[in-house]
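Engineer: Quick one: the structure is below, and I'll ask about it shortly.
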Amino acid sequence: MAILSTSSLKLSTYTISAWVKRIGGTFPQEIVSKGSCGPTCNYKLVIDSDGTLYLDFYDTTWRVVGGSTILSVNTWYYVVGTYDGIAMKVYLNSILDGTTNYAGTPNTDNTAVEIGRLNGAMGVRQFMGNIDDVRIYNRALSGPEVLALYNRGLGCVP
1 MAILSTSSLK LSTYTISAWV KRIGGTFPQE IVSKGSCGPT CNYKLVIDSD GTLYLDFYDT
61 TWRVVGGSTI LSVNTWYYVV GTYDGIAMKV YLNSILDGTT NYAGTPNTDN TAVEIGRLNG
121 AMGVRQFMGN IDDVRIYNRA LSGPEVLALY NRGLGCVP
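Numbering (the working numbering), first residue to last: 1 to 158.
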């Protein structure tokens with residue numbers, strides 16, 4: 001699914017969240033991405049080939065934060081990536097799973113926001129499974145805010 005780019009989606013600080021259930025795959029799977037695999041990458045929330053969650057963006061080089069927990073197949077998870085201009089964080093079911101500090105500004109361009117695939121890459125890095133309740137915020141949510149959203153969604157998991 002593609003969402004046309006607008007100025008409100010070209011973000012220097014952000015939170016990306018979604019409920020996901022993967023059914024397999026041994027390759028990186030895009031949950032939400034804006035930009036491609038290169039200098040136009042504004043933000044990407046991805047399940048890596050090893051089953052862990054990561055968030056990345058590009059400025060003059062790749063900036064990445066990865067989690068350490070492997071997401072099991074056929075299980076729903078609440079995944080969140082945040083960047084506040086200083087710290088990149090990933091949360092899994094509201095628990096902080098990875099953090100790194102980097103002060104910078106992600107590149108922005110006019111590419112669409114893609115849900116479930118990498119922009120412009122037909123059939124490559126597609127998400128294998130279900131994605132629900134995708135949210136994009138123009139600021140980094142705090143840990144308590146992530147927890148509140150997780151708790152709010154628990155009764156709604158398909």
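The beta-carbon is built from N, C-alpha and C at its ideal position, and this holds for glycine as well.
Cβ atoms of T40 and T111: under 8 Å apart, would you say?
Structural biologist: Position 111 of the sequence shown, counting from 1, holds the residue named residue 111. Position 40 of the sequence shown, counting from 1, holds the residue named residue 40. It is a contact, given that the beta carbons lie within the stated cut-off.
Engineer: Please state whether DSSP places G143 in a helix, a strand or coil.
Structural biologist: Stepping through the sequence shown from its first residue, residue 143 is reached at position 143. Here G143 sits in helix by DSSP.
Engineer: Taking L154 as part of the beta strand (DSSP E), name the residues at either end of that continuous run.
Structural biologist: Along the sequence shown, read from residue 1 onward, the residue named residue 154 stands at position 154. Unbroken run through L154: none, as it is neither H nor E.
Engineer: Determine the closest residue to T69 out of N119, G98, G153 and L149, with distance taken between C-alpha atoms.
Structural biologist: To locate residue 69, count along the sequence shown from 1; it is residue 69. Nearest C-alpha to T69: G98.
Engineer: What is the rounded straight-line gap between the Cα of V79 and the Cα of T105?
Structural biologist: Position 79 of the sequence shown, counted from the start, is the residue given in the question as residue 79. Position 105 of the sequence shown, counted from the start, is the residue given in the question as residue 105. Going from the Cα of V79 to the Cα of T105 covers about 23 Å.
Engineer: Return the CA-CA distance between V65 and R139, expressed in angstroms with no decimal places.
Structural biologist: Within the sequence shown, residue 65 is the residue found at index 65, counting from 1. Within the sequence shown, residue 139 is the residue found at index 139, counting from 1. If I take the Cα positions, the gap works out to 17 Å.
Engineer: Could you give the distance in angstroms between the alpha-carbon of S36 and the alpha-carbon of N119?
Structural biologist: Here residue 36 refers to the residue found at position 36 when the sequence shown is read from its first residue. Here residue 119 refers to the residue found at position 119 when the sequence shown is read from its first residue. One C-alpha to the other measures close to 5 Å.
Engineer: Alpha carbon to alpha carbon, what distance is there between S142 and I31?
Structural biologist: Start at 1 with the first residue of the sequence shown, and residue 31 comes out as number 31. Start at 1 with the first residue of the sequence shown, and residue 142 comes out as number 142. Rounded to whole angstroms, I31 to S142 spans 21 Å at the Cα level.
Engineer: Bridge partners of L96, per DSSP?
Structural biologist: As a working note, residue 96 is residue 96 in the sequence shown. Paired residue(s): Y91.
Engineer: Assign L55 to one of three DSSP states: helix, strand, or coil.
Structural biologist: Within the sequence shown, numbered from 1, the residue matching residue 55 stands at position 55. In this structure, L55 counts as strand in the three-state DSSP scheme.
Engineer: Do R63 and Y102 have their CB atoms nearer than 8 Å?
Structural biologist: Translated into the one-based positions of the sequence shown, residue 63 becomes position 63. Translated into the one-based positions of the sequence shown, residue 102 becomes position 102. Yes, Cβ-Cβ distance for R63 and Y102 is below 8 Å.
Engineer: Please return the same chain residues whose Cβ sits closer than 6 Å to the Cβ of L11, not counting the five positions on each side in sequence.
Structural biologist: Taking the sequence shown and counting its residues from 1, one reaches residue 11 at position 11. Closer than 6 Å at Cβ, skipping near neighbours: N138.
Engineer: Where do the ends of the beta strand (DSSP E) carrying L45 lie?
Structural biologist: As a first step, residue 45 must be located in the sequence shown, where it is residue number 45. Y43 to I47 is the span of the beta strand (DSSP E), which, as asked, contains L45.
Engineer: Hey, how far is the Cα of T108 from the Cα of T15?
Structural biologist: The count along the sequence shown starts at 1 and reaches residue 108 at position 108. The count along the sequence shown starts at 1 and reaches residue 15 at position 15. Rounded to the nearest angstrom, the two C-alpha atoms are 15 Å apart.
Engineer: To which residues of the same chain is W136 closer than 6 Å at the C-beta, ignoring the five residues directly before and after it?
Structural biologist: Within the sequence shown, the letter at position 136 stands for residue 136. Position check: residue 136 holds Ile in this sequence, whereas Trp was assumed. If we look at I136 and ignore the five residues flanking it on each side, its Cβ neighbours are I16.
Engineer: Using the C-alpha atoms, what's the distance from G85 back to E145?
Structural biologist: Here residue 145 corresponds to residue number 145 of the sequence shown, with the count starting at 1. Here residue 85 corresponds to residue number 85 of the sequence shown, with the count starting at 1. Approximately 18 Å, taken between the alpha carbons.
Engineer: Using only CA atoms, which one of N151, T61, K89 and G153 lies nearest to V46?
Structural biologist: Looking up residue 46 in the sequence shown gives position 46. Of the listed residues, the one whose Cα sits closest to V46 is K89.
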